[in-house]
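The structure appears below as structure tokens.
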Amino acid sequence: MIKAIVKTELAIYFRNLNSIFLPLIFFFLILSVFPLILGTDKILLGKIIPGMIWITVILTTLLSSNNFFRDDFKNGVIETYLTSDASIELVLFFRIVSCWVFTCLPVIIFIPLVSLLFEISFQNSTIILLTLILGTPVLISIGIFGSALTLGLAKNNILTPVIIIPFYIPVLIFSASAIEAVSIGLPFTMQIYILLALLVLVLPTMPYLLKYTLELSINN
Amino acid sequence: MNISKIANLRFFYTRTESIAFILSILSFLLFCIGIYWGLYIAPTDYLQGDSYRIMYVHVPAAWLSLQVYIIMAFSGFIALVWKIKIMEIASIQCAPIGAFFTIIALITGMIWGKPTWGTYWVWDAMLTSELILLFLYIGIMVLYSAFSDKRQAVKVTSLLAIIGIINIPIIHYSVEWWNTLHQGPTVTKFEKPSAHITMLLPLLYMLFTFNVYFLTVFIKRVRLGIYLREKNSKWLEEYLND
Numbered sequence: 001m002i003k004a005i006v007k008t009e010l011a012i013y014f015r016n017l018n019s020i021f022l023p024l025i026f027f028f029l030i031l032s033v034f035p036l037i038l039g040t041d042k043i044l045l046g047k048i049i050p051g052m053i054w055i056t057v058i059l060t061t062l063l064s065s066n067n068f069f070r071d072d073f074k075n076g077v078i079e080t081y082l083t084s085d086a087s088i089e090l091v092l093f094f095r096i097v098s099c100w101v102f103t104c105l106p107v108i109i110f111i112p113l114v115s116l117l118f119e120i121s122f123q124n125s126t127i128i129l130l131t132l133i134l135g136t137p138v139l140i141s142i143g144i145f146g147s148a149l150t151l152g153l154a155k156n157n158i159l160t161p162v163i164i165i166p167f168y169i170p171v172l173i174f175s176a177s178a179i180e181a182v183s184i185g186l187p188f189t190m191q192i193y194i195l196l197a198l199l200v201l202v203l204p205t206m207p208y209l210l211k212y213t214l215e216l217s218i219n220n
Numbered sequence: 221m222n223i224s225k226i227a228n229l230r231f232f233y234t235r236t237e238s239i240a241f242i243l244s245i246l247s248f249l250l251f252c253i254g255i256y257w258g259l260y261i262a263p264t265d266y267l268q269g270d271s272y273r274i275m276y277v278h279v280p281a282a283w284l285s286l287q288v289y290i291i292m293a294f295s296g297f298i299a300l301v302w303k304i305k306i307m308e309i310a311s312i313q314c315a316p317i318g319a320f321f322t323i324i325a326l327i328t329g330m331i332w333g334k335p336t337w338g339t340y341w342v343w344d345a346m347l348t349s350e351l352i353l354l355f356l357y358i359g360i361m362v363l364y365s366a367f368s369d370k371r372q373a374v375k376v377t378s379l380l381a382i383i384g385i386i387n388i389p390i391i392h393y394s395v396e397w398w399n400t401l402h403q404g405p406t407v408t409k410f411e412k413p414s415a416h417i418t419m420l421l422p423l424l425y426m427l428f429t430f431n432v433y434f435l436t437v438f439i440k441r442v443r444l445g446i447y448l449r450e451k452n453s454k455w456l457e458e459y460l461n462d
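Chains as they are written, first to last, in the numbering used here: chain V, 1 to 220; chain W, 221 to 462.
What follows is the structure, given as structure tokens:
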């Protein structure tokens with residue numbers, strides 16, 4: 001069962017290679033726009049680059065999870081999910097994970113390169129990596145929840161981000177403060193624990209919530 | 221279509237017209253007394269002078285902004301679980317009222333902040349979480365208006381409100397914690413030196429008045445929601461023609 005789900009997901013993503021590279025290209029594009037707007041002052045850039053990376057990651061997750069269920073809804077896959085005997089929660093869980101693997105993981109892998117480009121210290125880039133690994137699955141899950149909420153709508157391009165960005169705030173606050181704590185040499189374990197707690201809270205409950213939301217959106 | 225549910229809406233719509241009228245007069249009178257009590261009778265604060273008096277609007281509004289969210293989420297929960305029509309209407313009609321209280325709390329807070337903190341806006345924990353609360357309300361209203369099928373819309377907004385109520389404490393404490401870590405300006409937080417009874421009584425009174433006002437607007441808005449949903453039904457036409 002799990003094998004089949006993973007296989008299908010991989011096939012869908014690898015059939016369309018754009019879907020893997022586009023988030024990454026988008027990430028680098030936005031990052032390279034920041035110096036153009038803010039100027040190339042090294043001290044200023046060094047101070048705000050962790051925030052810039054996080055803002056770019058938010059945009060990437062928002063855009064990649066925006067129309068997450070759109071095609072499945074059109075094809076009738078979601079109805080099939082909901083009427084089948086199989087455990088849809090498991091399918092949804094693996095779909096969240098695969099969305100994360102193909103949109104956030106490439107970005108995370110390229111963080112060392114970004115650190116080279118913007119001369120981020122090793123310590124700082126490690127904590128950026130750590131917060132991204134812990135934070136992005138939560139952001140992706142919340143984004144997918146938003147796309148399930150707006151499933152019944154014809155156009156929802158900017159609506160979903162408006163609804164879900166307030167829900168991003170706890171993750172953003174603790175990630176940013178962990179990064180800041182490291183850069184001024186304070187302990188940061190507490191923030192990491194809270195990020196971990198949010199991850200453990202959101203990731204297992206999200207498939208159930210998604211199933212309920214999809215049922216609400218379909219039964220009209 | 222279940223007949224008893226329609227009857228329920230009808231019952232509410234036909235019975236509350238006079239109640240809403242009485243309540244609106246009552247809340248007007250209560251507000252008049254409250255203005256006099258808060259602006260003239262209550263003593264001047266030794267630290268902040270007269271500027272503290274805006275508290276009599278600010279604190280009840282901030283209180284109500286949270287209370288209305290809880291009511292919205294709670295009635296949304298009832299609407300989702302037991303599918304009671306009037307609760308669906310009640311849930312979504314709470315959103316504009318709550319947003320209104322939130323805006324009042326924000327604006328009065330800004331006006332109070334100018335003489336006290338020296339600036340209109342500080343990224344203070346309370347202000348920031350109140351602002352996020354406003355965004356949550358706006359999100360619910362925007363989501364509701366995006367659907368053409370309003371029954372479907374209410375289901376989705378109720379779910380969002382319920383998820384929001386789990387999120388509000390998390391947001392509140394994370395913002396509070398975030399702010400205490402890097403508090404830039406030395407904002408002398410409005411340390412409540414356990415307000416004197418002559419100041420506290422008008423505050424409690426205003427809290428009561430705001431609740432009465434909320435009830436008035438709430439009943440009127442639920443009536444409006446019933447009207448919008450049932451405007452093609454026969455009983456409404458008959459009732460309005462009488």
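C-beta atoms are modelled at their ideal positions from N, C-alpha and C, and glycine is treated no differently.
The structure presented is a predicted model; accordingly, all values stated were derived computationally and were not measured.
Nearest to V/R95 (by Cα), restricted to the options V/E215, V/P207, V/I218: V/P207
Of all Cβ atoms in chain V, is any one closer than 8 angstroms to the Cβ of W/R449? no
Determine the contact status of V/F118 and V/T213, defining contact as a CB-CB distance below 8 angstroms. no
Inter-residue spacing [alpha-carbon to alpha-carbon] between V/E215 and W/S244: 41 angstroms
I'd like to know whether the C-beta atoms of W/I291 and W/C314 end up nearer to each other than 8 angstroms. yes
Determine whether the beta carbon atoms of V/I133 and V/I108 lie at a separation below 8 angstroms. Yes, they are a contact pair.
Where V/T150 and W/I360 are concerned, what is the direct C-alpha to C-alpha distance, given to the nearest angstrom? 12 angstroms
At a Cβ cut of 7 angstroms, what residues of the region 342-365 of chain W count as close to chain V, listed as they run along the chain? Of all residues in the region 342-365 of chain W, I352, F355, L356, G359, V362, L363 have a Cβ within less than 7 angstroms of some Cβ in chain V.
Assign W/D462 to one of two classes, buried (16 or more other C-beta atoms within 10 Å of its C-beta) or exposed (fewer than that). exposed
Compute the distance between the beta-carbons of W/W332 and W/I261, then report whether it is under 8 angstroms. no
Where V/D72 falls: helix, strand or coil (DSSP): helix
Could you give the first and the last residue of the continuous alpha helix (DSSP H) run that contains V/N18? 18-38
Start-to-end residues for the alpha helix (DSSP H) that takes in W/N461: 454-461
Any C-beta of chain V sitting closer than 8 angstroms to the C-beta of W/Q372? Look at W/Q372: its C-beta is under 8 angstroms from a C-beta on chain V.
Considering only C-alpha positions, which residue in the set W/T234, W/F232, W/I242 is nearest to W/T436? The option with the nearest alpha carbon to W/T436 is W/I242.
Coil, strand or helix - W/G258 by DSSP: Here W/G258 sits in helix by DSSP.
With DSSP run on the structure shown, which of helix, strand or coil describes V/G152? coil
Can a CB atom of chain W be found closer than 8 angstroms to the CB of V/T213? yes
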